[in-house]
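A.B. asks:
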Amino acid sequence: MRYTDWFEIIDPAFRSLILPNVHVDLLYAGGRWLEGPVYVPAARHVLFSDIPNNRVLRYDEVAGTVSDFETIANFANGHTLDPQGRVLTCEHLTRRVTRREHDGTLTVLADNFEGKRLNSPNDVIADRQGRIWFTDPSYGISTPYEGSLAASETGTRNVYRLDHDGKLEAVVCDLEQPNGLALSRDEKTLFVVDSGTSPARLLAYDLDATGKPGAGRLFSECTVGMYDGLRIDALGHIWTSAGDGVHCLDADGKLIGKILIPETVSNVCFGGPEKNRLFITATRCLYAVFTNVRG
Ligand code: MG
Numbered sequence: 006m007r008y009t010d011w012f013e014i015i016d017p018a019f020r021s022l023i024l025p026n027v028h029v030d031l032l033y034a035g036g037r038w039l040e041g042p043v044y045v046p047a048a049r050h051v052l053f054s055d056i057p058n059n060r061v062l063r064y065d066e067v068a069g070t071v072s073d074f075e076t077i078a079n080f081a082n083g084h085t086l087d088p089q090g091r092v093l094t095c096e097h098l099t100r101r102v103t104r105r106e107h108d109g110t111l112t113v114l115a116d117n118f119e120g121k122r123l124n125s126p127n128d129v130i131a132d133r134q135g136r137i138w139f140t141d142p143s144y145g146i147s148t149p150y151e152g153s154l155a156a157s158e159t160g161t162r163n164v165y166r167l168d169h170d171g172k173l174e175a176v177v178c179d180l181e182q183p184n185g186l187a188l189s190r191d192e193k194t195l196f197v198v199d200s201g202t203s204p205a206r207l208l209a210y211d212l213d214a215t216g217k218p219g220a221g222r223l224f225s226e227c228t229v230g231m232y233d234g235l236r237i238d239a240l241g242h243i244w245t246s247a248g249d250g251v252h253c254l255d256a257d258g259k260l261i262g263k264i265l266i267p268e269t270v271s272n273v274c275f276g277g278p279e280k281n282r283l284f285i286t287a288t289r290c291l292y293a294v295f296t297n298v299r300g
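Position one of the sequence shown corresponds to residue 6 (my numbering), numbered consecutively onward.
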């Protein structure tokens with residue numbers, strides 16, 4: 006396969022973000038539905054979820070091997086790092102967001118909203134202040150395949166922000182299925198995928214000084230398959246999952262190029278010592294590609 010076969014250039018601007026003679030590496034094949042990758046710089050590994058198999062896997066970038074990290078993983082989905090480098094995890098089965106401390110113990114950060122259990126937290130990010138933002142769609146309670154069948158106690162599917170004082174606030178409440186989320190480089194705009202609409206939509210919310218979102222505006226509609234997870238690079242481009250690979254959007258939401266992947270992509274994260282390697286979870290496989298831009 007020629008390297009050009011991995012990329013679709015829609016706008017010439019995409020050319021400067023990719024490298025010549027770079028291939029997409031297949032790092033692992035053997036999951037059922039892989040999701041939620043996070044790169045952990047201190048360990049030089051990528052943790053990622055295999056939700057239906059109820060496990061978290063670890064790609065060791067030094068050895069180039071994949072092994073089990075957690076084999077009873079509470080049907081974990083999204084992961085991220087907080088500013089202290091601790092791994093945060095969304096758990097479907099236990100319907101909560103947890104933090105793995107430096108000593109290995111788990112701290113429950115959120116498992117209810119106003120006394121009602123969360124649905125099944127899906128994806129999570131932390132801002133520079135250490136506040137935690139996560140989505141809570143129903144995918145982990147609507148089928149036992151990705152968690153356990155259960156009724157929604159909140160009756161809603163929200164985006165939440167967890168503040169330093171432990172207060173959990175529902176900040177976006179008008180989406181069908183809030184899924185992947187990201188903050189702009191200046192942390193003044195919150196991006197959230199709604200994967201419950203057809204086509205799936207990426208919405209942008211301007212945040213006020215306290216972190217309260219204004220009205221959402223449509224930023225982009227998915228043209229192939231479904232948006233799920235996304236990350237933003239150092240120049241402000243959005244790299245989002247889709248049915249035919251990874252779609253790259255510019256700061257105006259225009260699709261400028263694609264990384265073509267032979268399976269449906271669920272999520273991406275930048276990693277590697279230079280933060281210039283995009284790790285891609287795609288159905289059964291973990292892929293990676295070096296880019297010409299840093300995450
Ligand atoms: Mg997701």
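Even glycine gets a Cβ: it sits at the ideal position worked out from N, Cα and C.
#1: Please confirm whether any heavy atom of the ligand MG lies closer than 7 Å to the CB of N82.
#2: Of the residues W11, V67 and A81, which one's Cα is nearest the Cα of E45?
#3: CB N281 to CB R299, shorter than 8 Å?
#4: How many whole angstroms separate the CB atoms of V113 and V43, which I take to be in contact at a CB cut-off of 8 Å?
#5: Between the C-alpha atoms of H252 and V129, what's the straight-line distance to the nearest angstrom?
#6: Can L186 and T215 be called in contact, C-beta distance under 8 Å?
#7: Could you check the C-alpha separation between F80 and T202 for me, to the nearest Å?
#8: Please go through the same chain and pick out, in chain order, the residues whose beta-carbon is closer than 7 Å to the beta-carbon of F224, but skip the five residues on each side of it.
#9: Closer than 7 Å: is that where the CB of G262 sits relative to any heavy atom of the ligand MG?
#10: Should G201 be listed as close to the ligand MG, given that the test is whether its C-beta is under 7 Å from any heavy atom?
#11: Going by the beta-carbon positions, is the gap between R100 and D116 smaller than 8 Å?
#12: For the putative contact between S54 and A34, defined by C-beta atoms under 8 Å, what is the C-beta separation to the nearest angstrom?
#13: R162: which of S143, E106 and H169 sits nearest, CA to CA?
#14: My guess is that T288 and T269 are in contact by the Cβ rule of under 8 Å, so how many angstroms apart are they, rounded?
#15: Apply the 10 Å Cβ neighbour rule to R236 and answer buried if 16 or more other Cβ atoms are within range, or exposed otherwise.
#16: Would G262 and I14 qualify as a contact pair, given that the criterion is a beta-carbon distance under 8 Å?
#17: How should N26 be labelled, buried or exposed, when 16 other C-beta atoms within 10 angstroms of its C-beta is the threshold for buried?
#18: Taking the straight line between their C-alpha atoms, what separation do you get for T85 and W38?
#19: For the putative contact between D255 and A18, defined by C-beta atoms under 8 Å, what is the C-beta separation to the nearest angstrom?
#20: Between A205 and N127, what straight-line distance do the alpha-carbon atoms span, to the nearest angstrom?
#21: What residues are listed by DSSP as bridge partners for S125?
#22: Would a C-beta distance cut-off of 8 Å place Y292 and D30 closer than the cut-off?
#23: Here's the rule: buried if 16 or more other CB atoms are within 10 angstroms of the residue's CB, otherwise exposed. What is L62?
#24: Where does S72 land, buried or exposed, given buried means 16+ other C-beta within 10 angstroms?
#25: Check E119 in the structure and name its three-state DSSP category.
#26: Quick check: the Cα distance between V294 and I264, rounded to an integer number of angstroms?
#27: Please state whether the Cβ-Cβ distance between F74 and L52 is less than 8 Å.
#28: Please determine, among L123, C290, Y150 and D108, the residue with the shortest C-alpha to C-alpha distance to A175.
#29: Excluding five sequence neighbours on each side, which residues of the same chain lie with their C-beta closer than 6 Å to the C-beta of G36?
#30: Can A247 and G230 be called in contact, C-beta distance under 8 Å?
#31: By Cβ distance, which residues of its chain are closer than 6 Å to I284, with the 5 residues on each side in sequence left out?
C.D. replies: Checking against the coordinates, here is how it stands:
#1: Counted from its first residue, the sequence shown places residue 82 at position 77. True, at least one ligand heavy atom lies under 7 Å from that Cβ.
#2: In the sequence shown, the residue the question calls residue 45 occupies position 40. Here residue 45 turns out to be Val, not Glu, going by the sequence shown. The candidate whose alpha carbon is nearest that of V45 is V67.
#3: Residue 281 sits at position 276 when you count from the first residue of the sequence shown. Residue 299 sits at position 294 when you count from the first residue of the sequence shown. Against a cut-off of 8 Å, the Cβ pair of R299 and N281 comes out as a contact.
#4: On the sequence shown, position 108 is the one that residue 113 refers to. On the sequence shown, position 38 is the one that residue 43 refers to. That belief does not hold up - the Cβ atoms of V113 and V43 are roughly 19 Å apart, past 8 Å.
#5: Position 247 of the sequence shown, counted from the first residue, corresponds to residue 252. Position 124 of the sequence shown, counted from the first residue, corresponds to residue 129. Distance between H252 and V129, taken at the CA atoms: about 20 Å.
#6: Translated into positions along the sequence shown, residue 186 becomes position 181. Translated into positions along the sequence shown, residue 215 becomes position 210. In this structure, T215 does not lie closer than 8 Å to L186 by Cβ.
#7: Here residue 80 refers to the residue found at position 75 of the sequence shown. Here residue 202 refers to the residue found at position 197 of the sequence shown. Each residue's alpha carbon lies about 24 Å from the other.
#8: Here the question's residue 224 lines up with position 219 in the sequence shown. So the qualifying residues of the chain are F196, L207, L208, A209 and G258.
#9: Indexing the sequence shown from 1 puts residue 262 at position 257. No, the Cβ of G262 stays beyond 7 Å of every heavy atom of the ligand MG.
#10: Translated into the one-based positions of the sequence shown, residue 201 becomes position 196. Not under cutoff, so the answer is no.
#11: Here residue 100 is taken as the residue at index 95 of the sequence shown, counted from 1. Here residue 116 is taken as the residue at index 111 of the sequence shown, counted from 1. Yes, Cβ-Cβ distance for R100 and D116 is below 8 Å.
#12: For the purposes of this step, residue 54 is taken as the residue at position 49 of the sequence shown. For the purposes of this step, residue 34 is taken as the residue at position 29 of the sequence shown. With a Cβ gap of about 16 Å, S54 and A34 do not count as contacting.
#13: In the sequence shown, residue 162 corresponds to position 157, counting from 1. Ranking the options by Cα distance to R162, first place goes to S143.
#14: Position 283 of the sequence shown, counted from the start, is the residue given in the question as residue 288. Position 264 of the sequence shown, counted from the start, is the residue given in the question as residue 269. Contact between T288 and T269 holds, since their C-beta atoms are separated by about 5 Å, short of 8 Å.
#15: On the sequence shown, position 231 is the one that residue 236 refers to. Per the 10 Å Cβ criterion, buried.
#16: Within the sequence shown, residue 262 is the residue found at index 257, counting from 1. Within the sequence shown, residue 14 is the residue found at index 9, counting from 1. Yes, these two residues count as a Cβ contact at 8 Å.
#17: Sequence index remark: in the sequence shown, residue 26 carries index 21 (1-based). Looking at its Cβ environment, which holds fewer than 16 other Cβ atoms inside 10 Å, N26 is exposed.
#18: Residue 85 sits at position 80 when you count from the first residue of the sequence shown. Residue 38 sits at position 33 when you count from the first residue of the sequence shown. Roughly 18 Å between the two C-alpha positions.
#19: What you label residue 255 is simply residue 250 of the sequence shown in a count that begins at 1. What you label residue 18 is simply residue 13 of the sequence shown in a count that begins at 1. With a Cβ gap of about 6 Å, D255 and A18 count as contacting.
#20: Sequence index remark: in the sequence shown, residue 205 carries index 200 (1-based). Sequence index remark: in the sequence shown, residue 127 carries index 122 (1-based). Straight through space, the alpha carbons of N127 and A205 are spaced by roughly 16 Å.
#21: On the sequence shown, residue 125 is found 120 positions in, with the first residue counted as 1. Partner(s): none; S125 has no beta bridge.
#22: Counting from 1 along the sequence shown, the entry for residue 292 is found at position 287. Counting from 1 along the sequence shown, the entry for residue 30 is found at position 25. Yes.
#23: Start at 1 with the first residue of the sequence shown, and residue 62 comes out as number 57. The residue in question, L62, is buried, as its Cβ has 16 or more Cβ neighbours within 10 Å.
#24: For this step, residue 72 is matched to residue 67 along the sequence shown. Answer is exposed; the Cβ neighbour count stays below 16.
#25: What you label residue 119 is simply residue 114 of the sequence shown in a count that begins at 1. In the structure shown, E119 sits in coil (DSSP, three-state: anything other than H, G, I, E or B).
#26: For the purposes of this step, residue 294 is taken as residue 289 along the sequence shown, with counting starting at 1. For the purposes of this step, residue 264 is taken as residue 259 along the sequence shown, with counting starting at 1. Approximately 9 Å, taken between the alpha carbons.
#27: Position 69 of the sequence shown, counted from the first residue, corresponds to residue 74. Position 47 of the sequence shown, counted from the first residue, corresponds to residue 52. In contact: F74 and L52 (Cβ atoms closer than 8 Å).
#28: Locating residue 175 in the sequence shown gives position 170, where the first residue counts as 1. Of the candidates L123, C290, Y150 and D108, the one whose C-alpha sits nearest the C-alpha of A175 is L123.
#29: One-based indexing of the sequence shown puts residue 36 at position 31. These residues qualify, in order along the chain: D55 and R289.
#30: As a working mapping, residue 247 is identified with position 242 in the sequence shown. As a working mapping, residue 230 is identified with position 225 in the sequence shown. Cβ distance < 8 Å, so A247 and G230 count as in contact.
#31: Against the sequence shown, residue 284 aligns to sequence position 279. Residue identity differs from the one stated: residue 284 is Phe in this sequence, not Ile. Taken in chain order, the residues that qualify are P42, V51, C274, G276 and A293.
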